[in-house]
Amino acid sequence: MTSMDISLKEMMTIDGSLGAAIVDHGSGMALGSLGSSKDLDLQVAAAGNTEVVKAKLRTMDSLGLKDAIEDILITLGSQYHIIRPISGRGGKGLFLYLALDRNRANLAMARHQLKTIEGRLEV
Numbered sequence: 001m002t003s004m005d006i007s008l009k010e011m012m013t014i015d016g017s018l019g020a021a022i023v024d025h026g027s028g029m030a031l032g033s034l035g036s037s038k039d040l041d042l043q044v045a046a047a048g049n050t051e052v053v054k055a056k057l058r059t060m061d062s063l064g065l066k067d068a069i070e071d072i073l074i075t076l077g078s079q080y081h082i083i084r085p086i087s088g089r090g091g092k093g094l095f096l097y098l099a100l101d102r103n104r105a106n107l108a109m110a111r112h113q114l115k116t117i118e119g120r121l122e123v
């Protein structure tokens, strides 16, 4: 089990990481974040990606899908953004958010590492 601070630090060690956050999708607030720059405001990203998660959950409900979101991938010209809802140990309503530099990141490895980090996170 790892804490939120350690999990954020682990997320930032993933190749190509630009910023990481743990977000409450009920409020849109980042409970913790690391990395940020003038080009990536993690507070704005947290609030905006909350709407993405809520929209997907509403769509799944409308379709009658009885499944869980593993992750949501947003591919930009120069970046990947991964949203991974936290599934266990009191993490319901939270998600991991990771922004990656597309030229430096290995998407498959990043998704694998994020899944491992999510599994160890203690909320």
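Counting in the UniProt record's numbering, the sequence shown runs from 1 upward without gaps. Note that CB positions come from ideal geometry on N, CA and C, so glycine has one too. Only a predicted model underlies this, so the values are computations on that prediction, with no experimental measurement involved.
query: Rounded to a whole number of angstroms, what is the C-alpha to C-alpha distance between Asp24 and Thr116?
result: If you take the alpha carbons of Asp24 and Thr116, they lie about 20 Å apart.
message: Let's see if you can read the secondary structure: which residues bound the beta strand (DSSP E) around Ser33?
response: Met29 to Leu34
query: Mapping DSSP to helix, strand and coil, what is Ser17?
result: strand
query: Since Leu40 sits in a beta bridge, which residues does DSSP pair it with?
result: Ser37
task: Just confirm the distance between the C-beta atoms of Asp71 and Gly16, as a whole number of angstroms; I'd bet it's less than 8 Å.
output: Not quite, the Cβ-Cβ distance comes to about 16 Å (not below 8 Å), so this is no contact.
query: Less than 8 Å separating the beta-carbons of Ala20 and Leu98?
result: yes
query: By a C-beta neighbour count over all protein chains shown, 10 Å radius and 16 as the cutoff for buried, is Ser78 buried or exposed?
result: exposed
field: Rounded separation between Arg120 and Thr2 - CA only
entry: 6 Å
- prompt: At a cut of 8 Å, does the segment 24-33 reach the segment 41-56 through at least three beta carbon pairs?
  reply: yes
field: Bridge partners - Ile83, DSSP secondary structure assignment
entry: Ile72 and Tyr97
message: Give me the DSSP bridge partner(s) of Leu121.
response: The bridge partners DSSP lists for Leu121 are Thr2.
task: Determine the burial state of Ile86: buried for a count of at least 16 other Cβ atoms within 10 Å of its Cβ, exposed for fewer.
output: By the 16-neighbour rule on beta-carbons within 10 angstroms, Ile86 is buried.
task: Compute the Euclidean distance between the alpha carbons of Asn103 and Leu96, then round it to the nearest angstrom.
output: Near 21 Å, if we compare the C-alpha coordinates of Leu96 and Asn103.
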